[in-house]
Each structure stands twice: as C-alpha cells, then as structure tokens.
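Note that the sequence shown covers residues 43 to 442 in my numbering. Glycine is no exception: its CB is placed at the ideal position from the N, C-alpha and C atoms. Note that the structure is a prediction, hence the values are computed from the model and not measured. What follows is a short report on a single structure.
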Amino acid sequence: MKILIADELPQDKIEVLREKGYECIVEPDLKAEQIPERISGIEILVVRSTKVLSEVFDKSDSLGLVVRSGAGINTIDCQGAADSGIYVCNVPGTNSIAVAELTMGLILAIDRHIPSATSDLKENRWNKKIYSDAEGLFGKTLGIVGLGEIGLAVAERARSFGITVLAKKASRKPETESKIRSNGIKLVDTIEELISESDMISIHLPSKSETKNFVDEDFLKLMKPNSILINTSRGEVVDEAALIASLNEKNIRAGLDVFCNEPTTGTGNFSSELAQHPNVIGTHHIGASTQQAQNATVEETIRVIDAFREGNVINCVNIAKERVGTSTLTIRHYDKVGVLAEVFAILRKEDLNVETMENKIFEGSKAALAIIDVSGDVSETALTHLRKIDHIIHVQSSNR
C-alpha cells in the first residue's frame, strides 16, 4: 500500500512501515493546498497538524484512509471524507500524560512566577522579595472542564499536590466512573457551580461547533478574582476578547498552550494581543510534544494503518455513531455462496436501500446471521420472496 506522510514522523518509525511492506512517500513540508496534487495513487494519508481540505478527496483516486497522528481532528474535513467514503481515524489517549504534565507546569509557573523570575535573572536582577509572594497550591480547588483521558491525568497529578479536584456530573462509562472515584474527584451538579468554587480551572475540550467560545464572558464572570485559567486544548474554545477583559478587570491569570489563529506551520510570525498580556504565560501548542508521547502516538498510528490493511478500522471518527435506517431485517441462513447476493437483489427490486449490515458466522461455520438495516418499509411480498431463497433458515422484519 502507498502512504503519503505529509508531516514529520520519526525516521525509525517510517523504516518500520517500510519493513512491513508499505511504500512510504515522505513529504513533511507539504502545505495543505499542495496535498491534492500529490494524492493520486495514494491509499493512506498520514498527517499531524497539516490541514486536509475537501479538495484532497475530490482529487483522490485510491485514498481509503486518513490518519491523524494525534487526537484532534479539527484540521481535517471529516465530512468531506465521509461523503467520499474515506475513513478518518485518529490516535487518542497517547498524549494525555504529556498534556497533563504541561498543564501542571503552567499552574506552577503562574503560582511561583517562574517566567518573570527567570527573565529577571537573565537581566541581572535579583528580586527575591517580589517572587516570594506566591500563594501555593496545597488546599486549593481545581475545576476540570472535560474529564476525558487528559482531564483524568490532570486530576491524578493535581491530587498529589493536595489540590481538591472538581468536575461536572455527567453520564460516563463505568471505567471512567471508577477512575473518578479512585482519584477522589468531587462531582458537582452544574458548570456554574464548578466555576464559582474553583481557584483554578483547566480546560480539556475538543474543538467543535458546540465548544467554540465555551469560555465566554458569562463563564469568566463566574470565576473568582485572581483565579487561574489553563487552556491546553484548542484556542477556539476561549473567547479571547472576553478573556483579555477579565485579565484586566479581575486580575485573572492565564496559562495558555493554544491560541486562535495559530500559524499553520511549525515556525512563523505570531502576533497576539492575548499572548502579550502581562497576566498570560504561554507555550507554543506543545502539550503533546514530548518524545514519550510522540513515540506512543506514532506506534498507535502504525497500528491503525496495519488494521486498515487487514480490513479493520479502529478509532474511526467519521462513521455514523447510530444505526441508520427505518427497518431491520434479521436473516438466519446457511453459509453458502450467493445467499446474500440473492437477498440484496430482492431488496433492490423492492427499492429498499441498505444502510448498515453485519453478517456473523455461528460456531462451526455452517450457519450465519445477517442483520440488515434498510430505508423503507419491508412488505409482506418482500418477506415472502426472501423466505423462498435457497439456504434461508428464517427471516423477520422489525421497524426501527
């Protein structure tokens, strides 16, 4: 299979792919608008921060998979890929420790004035009196907005500092609930309660339409004066103008790894009123950028690629989450050649569009179970024709 790697990946990991038989075309300096001209013949596209535009899918003739070697997918036109029948898969969870470490680093840097103290030392100034004015973290309260893998990793580290951790009640998987209990996280009923009770708030939300400007004027009004806001998720989650106003009016302090309108490449000019504010310390969207995290991410990227070659898709983000269709056919049949072909021929004749299907083999490989979701009502005539097919054991239909 031919892979286009349009971002930096470790050379030793690229060699691993080549040893597995993949043909790797490595062009880490490709810009988003250049990828459509390179996509012909490519079956797998691997990116990190490079944008993948809809034109890529329009121009592709072989592309089946886009792998985001990382978690966030806001740089990829996932709907455009879905419309072209192309999988988009990401690699979540491999960078959670790295982002959590940076989150705690930003909190510590704000509380202990580390950036300013370092700057003064380099300017030959000794200001022990000024920099001794730190509150300390023990006994403080940290509110975590977004209690996924990263949020949980932050909670675990914050608790080791003697910090009380708050999160909002929500419906979660049993394993997540277990981690919440083991980390001693206190759950509150509303986001308003979380904000107003916290001395520090850390944001860990994905970038999507419903999270844009999540931290807005109303959110910031509820924060305590002199409190700390940390954002290591996405710049668009924060209304930057509203945050600047709160920095000025409430002396809120912010530790930011992400900003709106960041450069699309690894280096470049960046002018930001928010980044230049004296109450802000910042980093360059490097939350996931530790060697440990990058190695884990690339190893998982290779696993996603291997699975695709074997006919499996893991971590796919643009497949419908819910079953589609208005009726479901459940068909038990003997595992013989042509049985399902005849089923589909009848469905086509009855103008029933197949939306999703699954065919499971019973132990011993003599019989199978096909579950087919279709759009449209399955008539008695259609059921009669289906039941007359050779090697059909049983057919039933239900409305969804």
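Identified DSSP bridge partners for residue i
i, result
"Ile403", "Ala410"
"Asp415", "Thr370, Thr398"
"Arg110", "Val89, Asn132"
"Ser224", "Answer by DSSP bridge pairing: none, since Ser224 is not bridged."
"Thr206", "Thr183"
"His433", "None, per the DSSP bridge assignment."
"Gln438", "Thr372"
"Val381", "Answer is none; Val381 lacks a bridge partner."
"Leu229", "Ala209"
"Lys44", "Glu65"
"Ser244", "Ile186, Ile272"
"Ile323", "Gly297"
"Cys120", "Paired residues: none, contrary to the question."
"Val257", "Val280"
"Val94", "Ile118"
Check whether residue i and residue j have beta carbons under 8 Å apart
i, j, result
"Cys272", "Met242", "The sequence shown places Ile at residue 272, rather than the Cys named in the question. Closer than 8 Å, so yes."
"Ile205", "Leu184", "yes"
"Ile128", "Leu144", "no"
"Ser369", "Arg429", "no"
"Ile245", "Ser269", "no"
"Val279", "Phe256", "yes"
"Leu264", "Glu234", "yes"
"Ala142", "Val196", "yes"
"Lys210", "Val230", "yes"
"Pro70", "Asp54", "no"
"Ile72", "Cys66", "It should be noted that the sequence gives Leu, not Ile, for residue 72. No, these two residues do not count as a Cβ contact at 8 Å."
"Asn395", "Ser417", "yes"
"Phe301", "Ser314", "yes"
"Asn137", "Ala335", "yes"
"Leu425", "Ser439", "yes"
"Val437", "Leu371", "yes"
"Leu87", "Val108", "yes"
"Glu239", "Gly277", "no"
"Met43", "Glu79", "no"
"Ile149", "Leu194", "no"
"Ile347", "Asp377", "no"
"Leu316", "Leu285", "yes"
"Val207", "Lys182", "no"
"Met146", "Arg201", "no"
Counted within 10 angstroms of its Cβ, other Cβ atoms place residue i as buried (16 or more) or exposed
i, result
"Thr339", "buried"
"Val379", "exposed"
"Ala387", "exposed"
"Leu393", "Before going on, a small fix: residue 393 reads as Asp here, not Leu. Burial call: exposed."
"Gly226", "exposed"
"Val366", "exposed"
"Ala163", "The sequence given here has Leu at residue 163, not Ala. Counting Cβ neighbours within 10 Å, Leu163 comes out exposed, since fewer than 16 surround it."
"Thr309", "exposed"
"Gly324", "buried"
"Arg295", "buried"
"Arg110", "buried"
"Gln333", "exposed"
"Thr160", "exposed"
"Ala176", "exposed"
"Pro320", "exposed"
"Asp103", "exposed"
"Gly297", "buried"
"Thr343", "buried"
"Ala485", "Absent from the structure is residue 485, since the part of the chain shown begins at 43 and ends at 442."
"Ala123", "buried"
"Ile373", "buried"
Cβ of residue i within 8 Å of any chain C Cβ
i, result
"Asn273", "No chain C appears in this structure, which consists of one protein chain only."
Q. Pairing CB atoms from the stretch 190-200 with CB atoms from the stretch 249-262, are three or more of them under 8 Å?
A. no
Q.
Closer than 8 Å is the cut-off here; do at least three beta carbon pairs connect the stretch 364-382 with the stretch 409-421?
A. yes
Q.
Below 8 Å, how does it come out for the stretch 112-127 and the stretch 356-365: are there three or more Cβ pairs, yes or no?
A. yes
Q: Take every Cβ of the stretch 319-336, pair it with every Cβ of the stretch 93-105, and state whether three or more of those distances are shorter than 8 Å.
A: no
Q | Completely contained beta strand (DSSP E) runs for the stretch 280-312, where each covers 3 or more residues | A | 295-298
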